[in-house]
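Notes for the one structure printed next.
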Amino acid sequence: MTPLLEVSKLCFCYGREPILESVDFTLLPHEFVAIIGPNGGGKSTFAKLLAGLLTPHMGNIRYTSLNPRIGYVAQNTMEHLDFPISAYEVVMMGFLQKGFLRANKEQKAYAMEIMHNLGIAHLAKRKIGQLSGGERQRVLITRALCAKPDILLLDEPTASIDVKGQDEIFKILQDLRSRMSIIVISHDLSSILRYATKIIYINKTATLHDVPNIGVPENSSSEHFCEIDLFYQLTNTQATNNKA
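The numbering of the sequence shown is full-length UniProt numbering, which starts it at 1 and goes up by one.
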């Protein structure tokens, strides 16, 4: 299967401090990739590099398509959505970001179709500041989907959302996987590990480790996991599988 994205020997620094060193990563069509790791470990930096918001100091990020379509939902975007604008107007910004000065009739219909599919069509006229955290996040995902992306990249999409809302977001992403590849940066292991098909662990200068999803018990919570212990559990599983 031809990869959508290949990252090789990727390096990035803030000043003289190395954040990512010699990172290798491959994304295949229809994968749901969870990128986990401690706060400050470089996860968000990696997302910004993939989205083209930062330029690597060394290494390569190569997309198979000459014009890759990437939908990006940044971390903490919801904190800046208290101004008086409707959910529908936020969604329509997804077309403006692609260079359109004004959305046409087909684009407006497509936006409403996505809002309906994500269960937020009834919120179209509501002010974004009046919505719950889960509703806002679905609005932002809808905005990213206006680009009809091949890759949907989300940085902490379930932060500050209750457990029920988190599961709703991840179920939406799981359904979208039939049409695109999904990359999610998350610190909430208990939810995302039930949905991811591939897990990548990153901690500052450590290389990304591509490891299999071994699953998480249904009622597990994030307090029951130490990421370092999980990382060793995952890599030990990989080593065992390689020997088999």
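Note that the Cβ used here is the ideal one computed from N, Cα and C, for glycine as well.
Euclidean distance between Cα positions of residue i and residue j
i: Y195; j: F32; result: 7 Å
i: M115; j: F83; result: 20 Å
i: R179; j: D150; result: 8 Å
i: L140; j: Y88; result: 10 Å
i: V7; j: G119; result: 35 Å
i: L153; j: A147; result: 12 Å
i: S190; j: N60; result: 32 Å
i: L10; j: T26; result: 12 Å
Selected residue, minimal CA-CA separation from residue i, among the options
i: T55; options: K148, D162 and C13; result: C13
i: R16; options: V23, L50 and H57; result: H57
i: A121; options: I85, A111 and G129; result: A111
i: N48; options: D188, S65, Q137 and I19; result: In the sequence as presented, Asn is not what sits at residue 48; that position holds Lys. For the residues D188, S65, Q137 and I19, the minimum Cα distance to K48 belongs to I19.
i: K127; options: I35, I36 and I85; result: I85
i: A51; options: S191, Y201, K164 and D155; result: D155
i: N76; options: L27, I185 and H30; result: I185
i: G133; options: Y72, K125 and G165; result: G165
Residue i burial status per 10 Å Cβ neighbour count (16 or more: buried)
i: T2; result: exposed
i: L158; result: The residue asked about is misnamed: residue 158 is Thr in this sequence, not Leu. So T158 ends up on the buried side.
i: M92; result: buried
i: L53; result: exposed
i: K43; result: buried
i: Q137; result: buried
i: V90; result: buried
i: D188; result: buried
i: L66; result: exposed
i: K198; result: buried
Range of the contiguous beta strand (DSSP E) that encloses residue i
i: L27; result: E17 to L27
Limits of the alpha helix (DSSP H) - the one that residue i falls within
i: M115; result: K105 to N117
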